[in-house]
Each structure stands twice: as structure tokens, then as C-alpha cells.
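The structure appears below as C-alpha cells.
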Amino acid sequence: MKVGPKVVLLFKDPTGFGTAIFKALQPNPNSNLQSRQESLDLSLQSYGIKHQTVSLQVVHFLNGPNLEVSVLLLENSEPPTLACALNEVLALLVGNGLSNMPTIVAPFVVAATKLKTENRTSVAVDNISVYGLQVGASSGLTKALCTKLQSPSLSLQIFNEQLACLLQLVRVLKMPTFIIIGKKGQTVHHNTSEEELEMSELNCSCMPDSKLIQLQKSNVIHEIGRHLASFSSLGFSGEKIAWDTMKYSRETQEPWRALYG
Numbered sequence: 726m727k728v729g730p731k732v733v734l735l736f737k738d739p740t741g742f743g744t745a746i747f748k749a750l751q752p753n754p755n756s757n758l759q760s761r762q763e764s765l766d767l768s769l770q771s772y773g774i775k776h777q778t779v780s781l782q783v784v785h786f787l788n789g790p791n792l793e794v795s796v797l798l799l800e801n802s803e804p805p806t807l808a809c810a811l812n813e814v815l816a817l818l819v820g821n822g823l824s825n826m827p828t829i830v831a832p833f834v835v836a837a838t839k840l841k842t843e844n845r846t847s848v849a850v851d852n853i854s855v856y857g858l859q860v861g862a863s864s865g866l867t868k869a870l871c872t873k874l875q876s877p878s879l880s881l882q883i884f885n886e887q888l889a890c891l892l893q894l895v896r897v898l899k900m901p902t903f904i905i906i907g908k909k910g911q912t913v914h915h916n917t918s919e920e921e922l923e924m925s926e927l928n929c930s931c932m933p934d935s936k937l938i939q940l941q942k943s944n945v946i947h948e949i950g951r952h953l954a955s956f957s958s959l960g961f962s963g964e965k966i967a968w969d970t971m972k973y974s975r976e977t978q979e980p981w982r983a984l985y986g
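One rule links them: number in this note's numbering = place in the sequence shown (from 1) + 725.
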């Protein structure tokens, strides 16, 4: 599959985050970009998984005959099928040869409690809502994004199946990749001033918990959208966002979680 030099990789996760971003990335009104859609059914037979395929939706944005950006939305699946499906997608991207390898930008939203440092401390106590992490080989795009987003601690441990699997595979393949990690459910920083704390408590007290959580999610997804639009001629149509607020989390980890580190 031929893709643009910049690829946005999304997962059709149960929360609806990936689908929301997929729909909200649109050409700017003043740009010459045109869109072209395609869909693929990826076979997993080479992994011993018969009678099952995984769907991949793709939107290519072109400037005349030239591909500029490709946005991929991969069907949700569970490990170990997840690793097989993701490996097939990356194989498609590498298909044009190492010299023409695109840069992948993959956004995620992860609960703050699922981001922990080496001493098992949650990163929920800092005020950073979106991190950026360069993985694999570097490119002009990954270097540019590194200047805009703060990198997480080197000791950060991420308890997210899709993200952990992607990190492992792109490291092995040495694909230029930039991960955008939006954090939800953060709390006020322990160094916040007493005045700021009082104002935060006042604002929060006037808002129901469900509304506050939804506002935090909306702020994070819009910030991620702005970063995705910043390296292309695409715009982020916030009004198209219809993110499912369904609570989806796992408090336990299955034994195969160790496969991905």
C-alpha cells in the first residue's frame, strides 16, 4: 500500500478516541488537499490465525498527484491478535523499502493511573496533559515534534496494550515514530500554590464530576488534534468530535501482558 511520507496511526479503541480523531482530521478550507479513502481486510493466516481478518480504514490526503498524509484506523483487537494485526500494518508501511519509510505519528489517551514511574508513582500529580515520545529512527518530523512536546521520564511505565505493543514493534523495525500521549484523570500538582489550589477547588466544586471529566477529556483530545494538524495542511474539526465517554478500563493484567514488556 502506498502511503504519504507522514502517517497518522489510530486504533479503533472502545472509547471511540481513535474514531473521533479519524473523523476530525480534515483538509483546511484554504488548502488544495483532496481526500481518497480505501479499506483493507488484513489476513492473519501467516500467524496461524485462520478465518479471521482485521479491517484497516485509510484516508489519504493528496496535493495533486502527491500523497501528503495518510491517516490509518485499525480495527480494535486483543492480544495476541493485536500484535499480529499491528505487525501486518507496519509491514505495509515498510513495503516501499527502508529508504522510503514514512514517519508514523500515533496519538493515545491513557489514564494517568496507567502511567507510572520506576518507583511505581503515578504521573497524575504533574500538570502536563500531553507528552511526546520519539521512538525508533529519527526524522525531520519527529525532531520538530520533539521541540513542541515534553518527553516523559525515561523511567515511565505505560500500562496500555496497544501503545506497549506499538513501541516494541517500531523499535525492532527502527521505524521513525512519534508517540503523542494524552493524559486523562490528572490531579493538581503537589507544588501548586495555595491560591491556585483554592481556585481549582472552586471551579471543580461548581461542576459535577461527570462534566469535569468530560471537560478534561475534551481539552486533551483538542490539544492532541492541534498537534496532529500542525505538521500538515490538515485542520482539526473539533465540532466533529463525538467521543464515547463509556468507561473502559482493566484493573487486572492478563499473563500475556509480559510479552510486550
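We treat Cβ as the ideally placed atom computed from N, Cα and C, and that holds for glycine.
Since we're looking at a predicted model, the values are computed, not measured.
>> With H, G and I counted as helix, E and B as strand and the rest as coil, what does DSSP make of Glu793?
In response: In the sequence shown, counting from the first residue as 1, residue 793 sits at position 68. It is a strand residue.
>> Looking at the secondary structure, which residues open and close the alpha helix (DSSP H) in which Thr838 lies?
In response: Here residue 838 refers to the residue found at position 113 when the sequence shown is read from its first residue. Element bounds for Thr838: n/a, residue is neither H nor E.
> Along the chain, where does the alpha helix (DSSP H) that runs through Glu803 open and close?
Replying inline: Within the sequence shown, numbered from 1, the residue matching residue 803 stands at position 78. Where Glu803 is concerned, there is no enclosing alpha helix (DSSP H), given that its DSSP letter is neither H nor E.
> Between Pro805 and Val732, which are expected to be in contact by the criterion C-beta below 8 angstroms, what is the C-beta distance as a whole number of angstroms?
Replying inline: Indexing the sequence shown from 1 puts residue 805 at position 80. Indexing the sequence shown from 1 puts residue 732 at position 7. Pro805 to Val732, Cβ: 24 angstroms. No contact.
>> At the level of alpha carbons, what is the spacing between Ala831 and Ser795?
In response: On the sequence shown, residue 831 is found 106 positions in, with the first residue counted as 1. On the sequence shown, residue 795 is found 70 positions in, with the first residue counted as 1. C-alpha separation (whole angstroms): 12 angstroms.
> Grouping DSSP H, G and I as helix and E and B as strand, with all else coil, what is Val860?
Replying inline: Numbered from 1 along the sequence shown, position 135 holds the residue referred to as residue 860. The answer is strand: DSSP assigns Val860 an E or B state.
>> Quick check on Asn753: does DSSP put it in helix, strand or coil?
In response: Indexing the sequence shown from 1 puts residue 753 at position 28. Residue state, collapsed to three classes: coil.
>> Determine whether the beta carbon atoms of Met900 and Ile949 lie at a separation below 8 angstroms.
In response: Counted from its first residue, the sequence shown places residue 900 at position 175. Counted from its first residue, the sequence shown places residue 949 at position 224. In this structure, Ile949 does not lie closer than 8 angstroms to Met900 by Cβ.
> Going by the beta-carbon positions, is the gap between Val819 and Asn885 smaller than 8 angstroms?
Replying inline: Position 94 of the sequence shown, counted from the start, is the residue given in the question as residue 819. Position 160 of the sequence shown, counted from the start, is the residue given in the question as residue 885. No. Outside cutoff.
>> I'd like the span of the beta strand (DSSP E) that includes Ser728, first residue to last.
In response: For this step, residue 728 is matched to residue 3 along the sequence shown. Residue 728 is actually Val in this sequence, not Ser. No residue range can be given for Val728, since it is assigned to no beta strand (DSSP E) and is classified by DSSP as neither H nor E.
> Which runs of the alpha helix (DSSP H) spanning at least 4 residues fall entirely within the segment 867-918, listed in chain order?
Replying inline: 886-898
> CA-CA distance, Thr917 and Gly773?
Replying inline: In the sequence shown, residue 917 corresponds to position 192, counting from 1. In the sequence shown, residue 773 corresponds to position 48, counting from 1. Confidence is the limiting factor: at Thr917 the pLDDT is only 38, short of 50, which leaves the residue's position unreliable, though a coordinate-based value still follows. Cα-Cα distance, rounded: 53 angstroms.
>> Against chain C, does Glu886 count as a neighbour if the rule is that its beta carbon must be under 8 angstroms from one of theirs?
In response: Looking at the structure shown, chain C is missing, and only one protein chain is on hand.
> Run through DSSP, which three-state label would Gln777 get?
Replying inline: The sequence position of residue 777 within the sequence shown is 52, counting from 1. Coil.
> For the beta strand (DSSP E) that contains Ser764, what are its first and last residues?
Replying inline: On the sequence shown, residue 764 is found 39 positions in, with the first residue counted as 1. It spans Leu758 to Ser768 - the beta strand (DSSP E) in which Ser764 sits, taken as one unbroken run.
> When the Cα atoms are used, what is the spatial distance from Gly907 to Ile946?
Replying inline: Looking up residue 907 in the sequence shown gives position 182. Looking up residue 946 in the sequence shown gives position 221. Distance between the alpha carbons of Gly907 and Ile946 is about 7 angstroms.
>> Since Leu735 and Ile746 should fall inside the 8 angstroms C-beta cutoff, what is the C-beta to C-beta distance between them, to a whole number of angstroms?
In response: Taking the sequence shown and counting its residues from 1, one reaches residue 735 at position 10. Taking the sequence shown and counting its residues from 1, one reaches residue 746 at position 21. A Cβ-Cβ separation of about 6 angstroms places Leu735 in contact with Ile746 under the 8 angstroms criterion.
> Any idea what DSSP makes of Asn788, helix, strand or coil?
Replying inline: If you number the sequence shown from 1, residue 788 lands on position 63. Correct three-state label for Asn788: strand.
> Based on the DSSP output, what are the partners of Gly960 in its beta bridges?
Replying inline: For the purposes of this step, residue 960 is taken as the residue at position 235 of the sequence shown. Note: Gly960 sits in a beta bridge opposite Gln751.
> With C-beta atoms as the reference, is Leu769 less than 8 angstroms away from Ala810?
Replying inline: Counting from 1 along the sequence shown, the entry for residue 769 is found at position 44. Counting from 1 along the sequence shown, the entry for residue 810 is found at position 85. Taking 8 angstroms as the Cβ cut-off, Leu769 and Ala810 qualify as a contacting pair.
> Since Pro832 sits in a beta bridge, which residues does DSSP pair it with?
Replying inline: Here the question's residue 832 lines up with position 107 in the sequence shown. DSSP, once it has assigned bridges, lists Ile905 as partnering Pro832.
>> Contact defined as beta carbons within less than 8 angstroms: I believe Gly960 pairs with Ile905. What is the distance between those atoms, to the nearest angstrom?
In response: Looking up residue 960 in the sequence shown gives position 235. Looking up residue 905 in the sequence shown gives position 180. In fact, because the Cβ distance is near 17 angstroms, the residues do not count as touching under 8 angstroms.
> Between His915 and Leu798, what straight-line distance do the alpha-carbon atoms span, to the nearest angstrom?
Replying inline: As a working mapping, residue 915 is identified with position 190 in the sequence shown. As a working mapping, residue 798 is identified with position 73 in the sequence shown. With a pLDDT of 38 at His915, under the threshold of 50, the modelled position of this residue cannot be trusted; read the value that follows with caution. His915 and Leu798: Cα-Cα distance of roughly 38 angstroms.
> Is Glu813 buried or exposed, if buried means 16 or more other CB atoms sit within 10 Å of its CB?
Replying inline: Reading the sequence shown from its first residue, position 88 is the one you call residue 813. Buried, by the Cβ-count rule.
>> Between Gly963, Met726, Gly743 and Leu953, which has its C-alpha nearest Gly825's C-alpha?
In response: Here residue 825 refers to the residue found at position 100 of the sequence shown. Per the sequence shown, residue 825 should be read as Asn rather than Gly. Nearest option by C-alpha distance: Met726.
> Going by alpha carbons, who is nearest to Lys873 out of Leu881, Ser880, Ile883 and Gln859?
Replying inline: As a working note, residue 873 is residue 148 in the sequence shown. Checking every option, the nearest Cα to that of Lys873 belongs to Gln859.
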